[in-house]
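In the numbering used here, the protein residues as written are -11 to 74. Don't be surprised by glycine CBs; every beta carbon is placed ideally from N, CA and C.
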Amino acid sequence: MIPWEVKTAKPLPGYRLEVTFADGLRGVVDLSDVPHKGVFASWSDPAYFEQVRVDAETGTACWPNGADVAPDAMHEEVKQRQVSAV
């Protein structure tokens, strides 16, 4: 098992995702600072951002155009937010 494999991803307002990882870690990732350029240009439309899904083969949160976000980076962000909240 890869701990940062994404199991669920739910879009939230403000370009955020509520994610659950293989190791049970769960939290919110803020993607609002990702530039809406290149492969992420489609995010300019919030409705497109909401089309996120989990690719079961790769364990990533991804979009119809093939864009995905590094699951290890998302896992680290959620972990750091939980540590700083303590």
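Integer-rounded CB distance, given that residue j should sit under 8 Å from residue i
i: residue -6; j: residue 7; result: 6 Å
i: residue 5; j: residue 42; result: Not quite, the Cβ-Cβ distance comes to about 10 Å (not below 8 Å), so this is no contact.
Cross-strand partners of residue i (DSSP beta bridge)
i: residue 9; result: -6
i: residue 19; result: Its beta-bridge partners do not exist; DSSP assigns none.
i: residue 60; result: DSSP lists no partner for residue 60.
i: residue 49; result: 42 and 57
Sequence-distant residues of its chain with Cβ nearer than 6 Å to residue i (five each side left out)
i: residue 31; result: 24 and 37
Rounded separation between residue i and residue j - CA only
i: residue 11; j: residue 67; result: 11 Å
i: residue -11; j: residue 34; result: 32 Å
i: residue 20; j: residue 1; result: 10 Å
i: residue 13; j: residue 62; result: 11 Å
i: residue 51; j: residue 71; result: 29 Å
i: residue -4; j: residue 44; result: 10 Å
i: residue 53; j: residue 65; result: 24 Å
i: residue 47; j: residue -2; result: 14 Å
i: residue 15; j: residue 58; result: 15 Å
i: residue 29; j: residue 69; result: 27 Å
Sub-8 Å separation of residue i and residue j beta-carbons
i: residue 49; j: residue 60; result: no
Cut-off 8 Å between Cβ atoms - residues of its own chain near residue i, not counting five sequence neighbours on either side
i: residue 3; result: 18, 19, 20, 22, 31, 34 and 37
i: residue -9; result: 9, 10, 11, 13 and 63
i: residue 27; result: 53, 54 and 55
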